[in-house]
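Chemist: There's a structure below that I have some questions on.
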Amino acid sequence: MAALTREETEALIQEVLEVYPEQARKDRAKHLAVNDQSLEKSNKCITSNRKSQPGTMTIRGCAYAGSKGVVWGPIKDMIHISHGPVGCGQYSRAGRRNYYVGTTGINTFGTMNFTSDFQEKDIVFGGDKKLAKIMNEIEQLFPLNKGISIQSECPIGLIGDDIEAVAKKANKEIGKPVVPVRCEGFRGVSQSLGHHIANDAIRDWVLENRDGDDSFPTTPYDVAVIGDYNIGGDAWASRTLLEEMGLRVVAQWSGDGTIAEMEKTPKVKLNLIHCYRSMNYIARHMEEKYKIPWLEYNFFGPTKIAESLRKIAALFDETIQAGAEKVIAKYESEYQAVIDKYKPRLQGKRVMLYVGGLRPRHVIGAYEDLGMEVVGTGYEFGHNDDYDRTIKEMGNATLIYDDVTGYEFEEFVKRVQPDLIGSGIKEKYIFQKMGIPFRQMHSWDYSGPYHGYDGFAIFARDMDMTLNNPCWKQVKVPWKTAESTPVAVAAGA
Amino acid sequence: MPSVMLKKNTEGKLIFYVPKKDLEEVAESVEFDSPEKWGGEVLLSDGSKYYFEPVNAQPDFPVTLRAKRLDSGE
Chain A
64 MAALTREETE ALIQEVLEVY PEQARKDRAK HLAVNDQSLE KSNKCITSNR
114 KSQPGTMTIR GCAYAGSKGV VWGPIKDMIH ISHGPVGCGQ YSRAGRRNYY
164 VGTTGINTFG TMNFTSDFQE KDIVFGGDKK LAKIMNEIEQ LFPLNKGISI
214 QSECPIGLIG DDIEAVAKKA NKEIGKPVVP VRCEGFRGVS QSLGHHIAND
264 AIRDWVLENR DGDDSFPTTP YDVAVIGDYN IGGDAWASRT LLEEMGLRVV
314 AQWSGDGTIA EMEKTPKVKL NLIHCYRSMN YIARHMEEKY KIPWLEYNFF
364 GPTKIAESLR KIAALFDETI QAGAEKVIAK YESEYQAVID KYKPRLQGKR
414 VMLYVGGLRP RHVIGAYEDL GMEVVGTGYE FGHNDDYDRT IKEMGNATLI
464 YDDVTGYEFE EFVKRVQPDL IGSGIKEKYI FQKMGIPFRQ MHSWDYSGPY
514 HGYDGFAIFA RDMDMTLNNP CWKQVKVPWK TAESTPVAVA AGA
Chain B
23 MPSVMLKKNT EGKLIFYVPK KDLEEVAESV EFDSPEKWGG EVLLSDGSKY
73 YFEPVNAQPD FPVTLRAKRL DSGE
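Quick note, the sequences are listed as chains A and B, same order. Sequential numbering of the first sequence, starting at 64, is according to the working numbering. Sequential numbering of the second sequence, starting at 23, is according to the working numbering.
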């Protein structure tokens, strides 16, 4: 199917908005846009980071999800207590596939669920005593933990427990960092505020721990990789490239990260930010307080990797710049073989994305390297600055949708007819039943890594495997069967 | 009175960032921008104006300062 023109895309948005009541239509209209590359600022065309409309199907998470699930959860040698009723922790446990090295339950705790399991009496009488008791139990049962974070669930804020006081007391008793995080789920409009709160907790409770301590030997090539969550091993695939070009990766958060690395981050020379949305706050703080510059980079697909490596190297001396060129040259035959193999099979295929964080714009380059085109993209919980960065990456007259509802997404897909959709698990089965190839792009559909040159090979294989799978020809959707076709024609005529 | 994070970009221009509003703009002009005096009215590329209490030296960028909003710019 040919690409839609600007007018057609605008008409499509209007058509989709038709069904809403007036108030909802007015609100949703602000969140849907046709991309216009000539714009510098996204706030001229799209509104984001606003409360979702009641009644529409949003796929956003909560502040707790942003803090426990994204930022703090992957810190492997700390124990993260889901403070409150048992469900929040249990149903979000280990779902994000943040890989790590270590022995779970001994010195790493990534996939375990620790909760204070609130009961009625804790709500009525407060849960502070219970929290203090839990931390003592943790110390006895898991003595090799390097610290504890308290991830608040909704009731903590509602009943007004003083977790900061408990944390300070516990910190004195056990002599390890104890970090209270006020990430109650009701805060903010999406998980995005949870990221911010988690960043602020790192700022207030962790980063200063080694201020004035110069015992850590530094080099001029120290960098920190921030905002790579090591989904399916992503951070490892990125880290090897940085190390090969001559940099020393001192800290890596939070995927496969440790509290010691976080504490050492203020000693580095440059912060490298992968997920801008969830970690820009802490990078900006370190820029101001420790004068550490930060840089966004993109390790999806060879074009963007080369671009990013050169951008990073430009901030260092010639040895690193030569190192970057060496890395790019070293992997050239490898990634060229991947492109040669898969590009003919994927050329011209059209993709629609709807994910969170950095992927709606970052993966575009990887698809383009394979000759594919992204015709629609959107963020679950992006802000204006994310859309600012997206406008230039996307083609003209492509669809951009913010916090898209289930209904809108389905209608867009029916009309745009992409060859592949990349979104989350909640969308996966709907679109698969519609006979459209689908990749779950939150945790790489249980595959990965997708970052770096190693990841690109897996990315290309996965896209080919999904798109060119013979099963899609077997899917017969009701509205495409022989009986229904004449009816549709009659109605259209 | 928003808190504004100010920093210089690679071209030496002032970047104006208001965390709560996701506002990230380049400053077009700064009223007083000399080694002895810094501050006054700051005009952003989107047309909005902010006012910083003038200080007697260049602040050590990046830095967070309080600003007063002079007009909406819309």
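Every residue, glycine too, gets a C-beta built ideally from N, C-alpha and C.
1) Could you check what DSSP says for Met27 (chain B) in three-state terms: helix, strand or coil?
2) Quick check on this structure: which residue in A:Ala74, A:Asn272, A:His514, A:Thr119 has the alpha carbon closest to the alpha carbon of Ala323 (chain A)?
3) From which residue to which residue does the alpha helix (DSSP H) around Met198 (chain A) run?
4) With distances taken between CB atoms, is the gap from Pro84 (chain B) to Lys43 (chain B) smaller than 8 angstroms?
5) By how many angstroms is the C-alpha of Pro218 (chain A) removed from the C-alpha of Lys354 (chain A)?
6) Contact check, Gly369 (chain A) vs Met308 (chain A) under 8 angstroms by CB: the rounded distance?
7) By the DSSP assignment, the alpha helix (DSSP H) with Val423 (chain A) in it spans what residues?
8) Quick one: what's got a C-beta closer than 7 angstroms to Lys90 (chain B)'s C-beta in the same chain, skipping five residues either side?
9) Name, going along the chain, the residues of the stretch 98-114 of chain A whose beta-carbon falls closer than 9 angstroms to a beta-carbon of chain B.
10) Could you check which residue in A:Gly295, A:Gly158, A:Ser105, A:Leu270 has the C-alpha nearest to that of Val331 (chain A)?
11) Helix, strand or coil for Ile355 (chain A), going by three-state DSSP, please let me know.
12) Does the stretch 421-433 of chain A come within contact of the stretch 402-411 of chain A, defined as at least 3 CB pairs closer than 8 angstroms?
13) State the Cα-Cα distance for the pair Ile186 (chain A) and Gly132 (chain A), rounded to the nearest angstrom.
14) Between the C-alpha atoms of Lys374 (chain A) and Tyr292 (chain A), what's the straight-line distance to the nearest angstrom?
15) Output yes or no for whether 8 angstroms exceeds the beta carbon distance between Pro137 (chain A) and Trp299 (chain A).
16) Closest Cβ-Cβ distance between Asp93 (chain B) and chain A: below 8 angstroms?
17) Kindly indicate which three-state DSSP category Thr167 (chain A) falls into: helix, strand or coil?
18) So Met415 (chain A) is in the alpha helix (DSSP H); what residue range does that whole segment cover?
19) Taking the alpha-carbon of Val437 (chain A) as reference, which of A:Lys489, A:Tyr516, A:His425, A:Leu256 has the nearest alpha-carbon?
20) Quick one: grab the DSSP three-state call for Phe54 (chain B).
21) Can you name the residues that DSSP bridges to Phe502 (chain A)?
22) Along chain B, which residues have their Cβ under 8 angstroms away from the Cβ of Glu350 (chain A)?
23) Tell me, which residues are paired with Glu46 (chain B) by DSSP?
24) Could you name the residues of the same chain whose beta carbon sits closer than 7 angstroms to that of Phe363 (chain A), not counting the 5 residues immediately before and after it, in chain order?
25) For Asp451 (chain A), which option in A:Arg413, A:Ile237, A:Ile109 has the closest C-alpha, if you only look at C-alpha atoms?
26) Output, in chain order, the set of chain B residues within a Cβ distance shorter than 8 angstroms of Asp448 (chain A).
27) Run down chain A in chain order and give the residues with a C-beta less than 8 angstroms from the C-beta of Asp68 (chain B).
28) Rounded to the nearest angstrom, what separates Asp274 (chain A) and Leu67 (chain A) at their Cα positions?
29) Identify the contact partners of Arg347 (chain A) in chain B, using a Cβ-Cβ distance below 8 angstroms as the criterion.
30) Confirm, please, whether the CB-CB distance from Ala264 (chain A) to Val244 (chain A) is below 8 angstroms.
31) Terminal residues of the continuous alpha helix (DSSP H) containing Phe472 (chain A)?
32) What is the residue span of the beta strand (DSSP E) that Asn293 (chain A) lies within?
33) What is the residue span of the alpha helix (DSSP H) that Tyr284 (chain A) lies within?
34) If you draw a straight line from the alpha carbon of Ile499 (chain A) to that of Gly487 (chain A), how long is it in whole angstroms?
35) Tell me whether Asp225 (chain A) is buried or exposed, calling it buried when 16 or more other Cβ atoms sit within 10 Å of its Cβ.
36) Do Ser130 (chain A) and Gln214 (chain A) come within 8 angstroms of each other at the CB atom, strictly closer than that value?
Modeler: For this structure:
1) Indexing the second sequence from 1 puts residue 27 (chain B) at position 5. The answer is strand: DSSP assigns Met27 (chain B) an E or B state.
2) Sequence index remark: in the first sequence, residue 323 (chain A) carries index 260 (1-based). For Ala323 (chain A), the nearest C-alpha among the options comes from A:Asn272.
3) In the first sequence, residue 198 (chain A) corresponds to position 135, counting from 1. Met198 (chain A) -> alpha helix (DSSP H) spans 191-204.
4) In the second sequence, residue 84 (chain B) corresponds to position 62, counting from 1. In the second sequence, residue 43 (chain B) corresponds to position 21, counting from 1. When the beta-carbon positions are compared, Pro84 (chain B) and Lys43 (chain B) stay at least 8 angstroms from each other.
5) Counting from one through the first sequence, the residue named residue 354 (chain A) turns up at place 291. Counting from one through the first sequence, the residue named residue 218 (chain A) turns up at place 155. If you take the alpha carbons of Lys354 (chain A) and Pro218 (chain A), they lie about 38 angstroms apart.
6) Locating residue 369 (chain A) in the first sequence gives position 306, where the first residue counts as 1. Locating residue 308 (chain A) in the first sequence gives position 245, where the first residue counts as 1. Going by the sequence as given, residue 369 (chain A) is Ala instead of Gly. In this structure Ala369 (chain A) is not in contact with Met308 (chain A), their Cβ atoms being roughly 11 angstroms apart against a cut-off of 8 angstroms.
7) Translated into the one-based positions of the first sequence, residue 423 (chain A) becomes position 360. A quick correction: the sequence has Pro, not Val, at residue 423 (chain A). Element bounds for Pro423 (chain A): 422-425.
8) Position 68 of the second sequence, counted from the first residue, corresponds to residue 90 (chain B). Closer than 7 angstroms at Cβ, skipping near neighbours: Met23, Tyr72, Tyr73.
9) Near chain B, meaning a CB-to-CB distance below 9 angstroms, the residues of the stretch 98-114 of chain A are Glu103, Lys104, Asn106, Ser111, Asn112.
10) What you label residue 331 (chain A) is simply residue 268 of the first sequence in a count that begins at 1. Closest by alpha carbon: A:Leu270.
11) What you label residue 355 (chain A) is simply residue 292 of the first sequence in a count that begins at 1. Three-state DSSP puts Ile355 (chain A) in coil, outside helix and strand.
12) Taking a contact to require three or more Cβ pairs closer than 8 angstroms, the stretch 421-433 of chain A and the stretch 402-411 of chain A qualify as touching.
13) Taking the first sequence and counting its residues from 1, the one referred to as residue 186 (chain A) is at position 123. Taking the first sequence and counting its residues from 1, the one referred to as residue 132 (chain A) is at position 69. So the two alpha carbons sit approximately 24 angstroms from each other.
14) Working through the first sequence from its first residue, we reach residue 374 (chain A) at position 311. Working through the first sequence from its first residue, we reach residue 292 (chain A) at position 229. Our two residues, Lys374 (chain A) and Tyr292 (chain A), have alpha carbons roughly 22 angstroms apart in a direct line.
15) Within the first sequence, residue 137 (chain A) is the residue found at index 74, counting from 1. Within the first sequence, residue 299 (chain A) is the residue found at index 236, counting from 1. Against a cut-off of 8 angstroms, the Cβ pair of Trp299 (chain A) and Pro137 (chain A) comes out as no contact.
16) The sequence position of residue 93 (chain B) within the second sequence is 71, counting from 1. No, because no Cβ of chain A sits closer than 8 angstroms to the Cβ of Asp93 (chain B).
17) Numbered from 1 along the first sequence, position 104 holds the residue referred to as residue 167 (chain A). Note: Thr167 (chain A) maps to strand in three-state DSSP.
18) For the purposes of this step, residue 415 (chain A) is identified with residue 352 of the first sequence, where counting begins at 1. Taken as a continuous stretch (DSSP letters only), Met415 (chain A) belongs to no alpha helix (DSSP H), being part of the beta strand (DSSP E) at 413-416.
19) As a working mapping, residue 437 (chain A) is identified with position 374 in the first sequence. Proximity to Val437 (chain A) across A:Lys489, A:Tyr516, A:His425, A:Leu256 peaks at A:His425, based on C-alpha coordinates.
20) Here residue 54 (chain B) is taken as the residue at index 32 of the second sequence, counted from 1. Strand at Phe54 (chain B).
21) Position 439 of the first sequence, counted from the start, is the residue given in the question as residue 502 (chain A). Residue identity check: residue 502 (chain A) is Arg in the sequence provided, not Phe. The partner list for Arg502 (chain A) (beta bridge, DSSP) reads A:Gly485.
22) As a first step, residue 350 (chain A) must be located in the first sequence, where it is residue number 287. Here the neighbours are Lys29, Pro84.
23) The count along the second sequence starts at 1 and reaches residue 46 (chain B) at position 24. Glu46 (chain B) is bridged to B:Tyr39.
24) Position 300 of the first sequence, counting from 1, holds the residue named residue 363 (chain A). Counting only Cβ-Cβ distances below 7 angstroms, and skipping sequence neighbours, we find His425, Val426, Gly428, Ala429, Tyr513, His514.
25) The count along the first sequence starts at 1 and reaches residue 451 (chain A) at position 388. Per the Cα distances, A:Ile109.
26) The residue you call residue 448 (chain A) lines up with position 385 of the first sequence. Neighbours of Asp448 (chain A) in chain B, taken as residues whose beta carbon is under 8 angstroms from its own, are Asp44, Glu46 in chain order.
27) Position 46 of the second sequence holds residue 68 (chain B). By Cβ distance, chain A contributes Lys104.
28) For the purposes of this step, residue 274 (chain A) is taken as residue 211 along the first sequence, with counting starting at 1. For the purposes of this step, residue 67 (chain A) is taken as residue 4 along the first sequence, with counting starting at 1. Looking at the two C-alpha atoms, the distance is approximately 56 angstroms.
29) In the first sequence, residue 347 (chain A) corresponds to position 284, counting from 1. Under the 8 angstroms cutoff, chain B gives Met27, Tyr39, Pro41, Pro84.
30) Here residue 244 (chain A) is taken as the residue at index 181 of the first sequence, counted from 1. Here residue 264 (chain A) is taken as the residue at index 201 of the first sequence, counted from 1. Their beta carbons are under 8 angstroms apart, which means Val244 (chain A) touches Ala264 (chain A) by this criterion.
31) As a first step, residue 472 (chain A) is located in the first sequence; it is residue number 409 there, counting from the start. Under the DSSP assignment, Phe472 (chain A) falls in the alpha helix (DSSP H) whose first and last residues are 469-479.
32) As a working note, residue 293 (chain A) is residue 230 in the first sequence. Premise fails: Asn293 (chain A) is in no beta strand (DSSP E) and is neither H nor E.
33) Working through the first sequence from its first residue, we reach residue 284 (chain A) at position 221. Run containing Tyr284 (chain A): none; DSSP gives neither H nor E here.
34) Numbered from 1 along the first sequence, position 436 holds the residue referred to as residue 499 (chain A). Numbered from 1 along the first sequence, position 424 holds the residue referred to as residue 487 (chain A). Each residue's Cα considered, the two are about 14 angstroms apart.
35) For the purposes of this step, residue 225 (chain A) is identified with residue 162 of the first sequence, where counting begins at 1. Looking at its Cβ environment, which holds fewer than 16 other Cβ atoms inside 10 Å, Asp225 (chain A) is exposed.
36) Within the first sequence, the letter at position 151 stands for residue 214 (chain A). Within the first sequence, the letter at position 67 stands for residue 130 (chain A). Contact annotation: Gln214 (chain A) and Ser130 (chain A) have beta-carbon atoms nearer than 8 angstroms.
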